[in-house]
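These notes are about the structure you will find just below.
Numbering (our numbering), first residue to last: 550 to 762.
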């Protein structure tokens, strides 16, 4: 895992102060997946896109092929013959990550019927279980829906991680871990969040799959 954080600092020296907590977070997520638990993510606006992006890197190969084992391919062949063989040759293993942005019917229904600020909290309360982990992305650290989601997470014994900037927002109160990149302007914070979570995804992936290149 170390090389990905070393490379991150070489390309973005300003992120040196974040490396220790990123190592801890990577180890936490590796332990999470090995224990059969789930990573949840949420954010607003550009941070919503970042949450979806992280899920994409987890659910399919990022820098690894993640090809199915012979044993699993044989299961597909036994079920559907040549079609099963073709399917199993294309599918990849994934790491269980769920974006809480990806249920528009529930989000709109809960927002209309109850409270739009509670849609993330509702989903996490319904889907999460003790031992899971949720990353809430908020550049200013003051997103009300992230803060309320963190409260629900605490009640469910779900570990909370805030990915933010250096504005010291109110979400910190209920965050078990904070990754705060050293910027205060929204777009500059987002520009640093991308390399941070790419390094994180690479570090985690390397512990489960053979990396290419």
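Glycine included, C-beta positions come from ideal geometry on N, C-alpha and C.
Please read all numbers here as calculations on a predicted model, not as lab measurements.
- Residue 603 places its beta carbon 8 Å or farther from that of residue 753.
- Around the beta carbon of residue 743, fewer than 16 other beta carbons lie within 10 angstroms, which makes this residue exposed.
- By the CB criterion at 8 Å, residue 698 and residue 710 fall outside the cutoff.
- Cβ contact annotation for residue 672 (same chain, cutoff 7 Å, sequence separation greater than five): 649, 652, 655, in chain order.
- For residue 591, the beta-bridge partners assigned by DSSP are 685.
- Across the structure, residue 696 and residue 587 are spaced so that their CA atoms are roughly 20 Å apart.
- Taking the CA atoms as reference points, residue 728 sits about 7 Å from residue 571.
- As the crow flies, the alpha-carbon of residue 660 is around 44 Å from that of residue 634.
- Beta-bridge partners assigned by DSSP to residue 733: none are found.
- For secondary structure counted as the beta strand (DSSP E) over 3 or more consecutive residues, the segment 598-675 holds these complete runs in sequence order: 646-648.
- Going by beta carbons, residue 730 and residue 738 fall inside the 8 Å limit.
- Going by C-alpha positions, residue 662 is about 29 Å away from residue 712.
- As DSSP reads the structure, residue 712 sits in a beta bridge with 686, 728.
- Non-local beta-carbon contacts of residue 679 in its own chain, meaning distances under 6 Å to residues more than five positions away in sequence, involve 706 in chain order.
- With a cut-off of 8 Å on Cβ pairs, the segment 675-691 is in contact with the segment 581-600, counting three or more such pairs.
- In the DSSP assignment, the residues bridged to residue 760 are 613.
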